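Top to bottom, those sequences are chains A and B. Take the first sequence: its position 58, counting from 1, is numbered 58 in my numbering, and each next residue is one higher. Each number in my numbering comes from the position in the second sequence (counting from 1) with 1000 added on. Where is the CB? At the ideal position from N, CA and C, for every residue including glycine. Note that the coordinates shown come from a computational prediction; the quantities given were computed from them, not determined experimentally. Working notes, structure below.
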Amino acid sequence: MHELSVCQGLISQVEQIARREDAESVTRILLSVGPLSGVEPQLLADAFPIAAAGTVAEHARLDIESQPIRVKCDTCGAETDASANRLLCGSCGDFRTRLVSGDEMLLMSLELERRERA
Amino acid sequence: MCDTCGCNVTEGNRHLIEGDGRLARTESGREAISVLQGLLSENDHIAAHNREHFDRHQVLALNLMSSPGSGKTRLLEETIAALKDEFRFAVVEGDLETENDAQRIRDKGVPAVQITTGTACHLDAHMVHNALHEIDLDQVDIVFVENVGNLVCPASFDLGQHRNVILLSVTEGDDKPAKYPVMFRAADLMLISKSDLLAVLDDFEPNRAERHLRELANRAPAFRVSARSGDGMQAWFDWLRSEFAALRERVQRGETMRPAIQPDGQLMHSHDDHAHDHAHDHGHGHAHTHHHHAAGHRHD
Ligand SMILES: Nc1nc2c(ncn2[C@@H]2O[C@H](COP(=O)(O)OP(=O)(O)O)[C@@H](O)[C@H]2O)c(=O)[nH]1
Ligand SMILES: [Mg+2]
Ligand SMILES: [Zn+2]
Ligand SMILES: [Zn+2]
């Protein structure tokens, strides 16, 4: 499973931001992970404590939000809901659609505690 | 890298942060910081760097993915044998299913670098980057990266390739595209491999496999090929020729080529193209700095 590698990448990004912001700890991490991202939110959540151990994010809460799968049709222009293995236009049925949302794999935001300034 | 720049705001995701702003204080005195960057942005930056290498040397880079045993190595062997007077090939071998894949390629007189992935289920851009150090790209026209045999994990990692080629052998189910939509959505070409076995495997219906591919909104061509009998290989060779010509033309115009579908993070780094213009609209107000690709990192 590749979710541990993804988590390790996440932690190194979080560490860089925490350093830049002079944060003492990261208290919450918000991700957006779509059904077509190729990453399983549950596996990501399982891997998180392993990757976060001993880092500034060790005690952070990990929240993962999802986005609906939406497609926009090149043929008729409609924007409709779709499912992971049926990305056809919900209006005219054409397969020439583009994904509008559902493949996100994003670090959205962090909540952190700053060091006391002297 | 882009970790400080917030440059990942695109038309598609701008609404997610609007009205929020970068800094918002929560009650407890903690700070919430909008980040909005791909979870694999480190990988994606190295991938962009690999792509720059390929482009600079006008080398077409193809990422081969499939289940274990679908015929990736065999396809490469036959392709090399048929086209070795036309193209100079190199192979980055990441598949450990059979120990001697790299040796099979070298036996054909083509340089091959074996990546030892250990237990890794996918290649990442860093592994490929290290392998590239062992290949003289000036002496190469086409690099094949044979990924780990796996229809899940490799799909998430950009390696810097220009195109994804996905093999589906007729000994597998023709519904594989429906079962592994993330992988098959990423295909720029689907090869229905081992087509010589269709005669004896009557439950695999190539048209059904192609229909499942279309249901993923994928417009990629689907060819039936048999590396064993040679049937259908001409279409694959022609595809290689046209992609190679397309890459040359793009590079000469100062552009590059990317797989049609990419994981989200890569799309957000599309500004890593050669025309490195960072005057793009970030849609939010904080200053940002770019430190793309450490200077001094040249190894031609
Ligand atoms: N009948 C038939 N067998 C093939 C064909 N291509 C590959 N094979 C066999 O399938 C097995 C796995 O092939 P290989 O190239 O090692 O698959 P890989 O794991 O995807 O690299 C080997 O025994 C090959 O000889 C083909 O076109 N037809
Ligand atoms: Mg192989
Ligand atoms: Zn439509
Ligand atoms: Zn950037």
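Run through the DSSP bridge pairs and tell me what F1089 (chain B) is partnered with. Residue 1089 (chain B) sits at position 89 when you count from the first residue of the second sequence. According to DSSP, which records beta bridges pairwise, F1089 (chain B) is partnered with B:I1142.
Could you work out which residues of chain A lie near S1195 (chain B), taking near to mean beta carbons separated by less than 8 Å? Sequence index remark: in the second sequence, residue 1195 (chain B) carries index 195 (1-based). In chain order: nothing, as chain A lies at least about 24 Å away.
What residues match up with A1112 (chain B) in a beta bridge as DSSP calls it? Along the second sequence, one-based indexing puts residue 1112 (chain B) at 112. Answer is B:V1091.
S983 (chain B): contacting residues in chain A (beta-carbon distance under 7 Å): Limits of chain B in this structure are 1001 at one end and 1300 at the other, which puts residue 983 (chain B) out of reach.
Can you give, in chain order, each stretch of the beta strand (DSSP E) that sits fully within the region 1176-1255 of chain B and has at least 3 residues? 1189-1193 and 1222-1224
DSSP state of G9 (chain A) mapped onto helix, strand, coil: In the first sequence, the residue the question calls residue 9 (chain A) occupies position 9. Reduced to three states, the DSSP call for G9 (chain A) is helix.
Interface residues of chain A facing H1057 (chain B) [CB-CB closer than 9 Å]: Numbered from 1 along the second sequence, position 57 holds the residue referred to as residue 1057 (chain B). Ordered by position in chain A, no residue passes the 9 Å Cβ test against H1057 (chain B), which lies about 28 Å from the chain.
Tell me whether the beta-carbon of H1057 (chain B) lies closer than 9 Å to the beta-carbon of D1188 (chain B). For this step, residue 1057 (chain B) is matched to residue 57 along the second sequence. For this step, residue 1188 (chain B) is matched to residue 188 along the second sequence. No, Cβ-Cβ distance for H1057 (chain B) and D1188 (chain B) is not below 9 Å.
Within 9 Å of any Cβ in chain A, is that where the Cβ of M1257 (chain B) sits? For the purposes of this step, residue 1257 (chain B) is identified with residue 257 of the second sequence, where counting begins at 1. No, M1257 (chain B) lies away from the interface with chain A (no Cβ there is under 9 Å from its Cβ).
Rounded to whole angstroms, what's the CA-CA distance from E1210 (chain B) to D1158 (chain B)? Just pull it up for me. Taking the first residue of the second sequence as 1, we reach residue 1210 (chain B) at position 210. Taking the first residue of the second sequence as 1, we reach residue 1158 (chain B) at position 158. Looking at the two C-alpha atoms, the distance is approximately 24 Å.
Contact list for the region 1035-1053 of chain B against chain A, Cβ threshold 8 Å: V1035, L1036, Q1037, G1038, L1039, L1040, S1041, E1042 and N1043
Using the beta-carbon count (16 or more within 10 Å), is G1254 (chain B) buried or exposed? The residue labelled residue 1254 (chain B) in the question sits at position 254 within the second sequence. With fewer than 16 Cβ atoms within 10 Å of its Cβ, G1254 (chain B) is classed as exposed.
Mind checking T1116 (chain B): buried by the 16 CB within 10 Å criterion, or exposed? One-based indexing of the second sequence puts residue 1116 (chain B) at position 116. Answer is exposed; the Cβ neighbour count stays below 16.
So for V14 (chain A), helix, strand or coil by DSSP? Locating residue 14 (chain A) in the first sequence gives position 14, where the first residue counts as 1. Note: V14 (chain A) maps to helix in three-state DSSP.
Within the 9 Å Cβ cut-off, does G1265 (chain B) reach chain A? In the second sequence, residue 1265 (chain B) corresponds to position 265, counting from 1. Residue confidence is low: G1265 (chain B) scores 43 on pLDDT, short of 50, so the model does not pin down where it sits. No coordinate-derived value is stated.
Out of B:R1241, B:Q1037 and B:G1069, which one is the CA nearest neighbour of N1150 (chain B)? The residue labelled residue 1150 (chain B) in the question sits at position 150 within the second sequence. Ranking the options by Cα distance to N1150 (chain B), first place goes to B:G1069.
Counting only Cβ pairs nearer than 7 Å, list the residues of chain A close to P1181 (chain B). Residue numbering aside, residue 1181 (chain B) sits at position 181 when the second sequence is read from its first letter. Those within 7 Å of P1181 (chain B) in chain A are L36, A84 and N85.
Determine, using beta carbons only, whether M108 (chain A) and G1038 (chain B) come nearer to each other than 9 Å. Reading the first sequence from its first residue, position 108 is the one you call residue 108 (chain A). Reading the second sequence from its first residue, position 38 is the one you call residue 1038 (chain B). No; because the gap between Cβ atoms is not below 9 Å, this pair is not in contact.
C89 (chain A) - partner residues in DSSP beta bridges: On the first sequence, residue 89 (chain A) is found 89 positions in, with the first residue counted as 1. The partner list for C89 (chain A) (beta bridge, DSSP) is empty, contrary to what the question assumes.
Counting beta carbon pairs with one atom in the region 1162-1177 of chain B and one in the region 1195-1210 of chain B, are three or more of them shorter than 8 Å? yes
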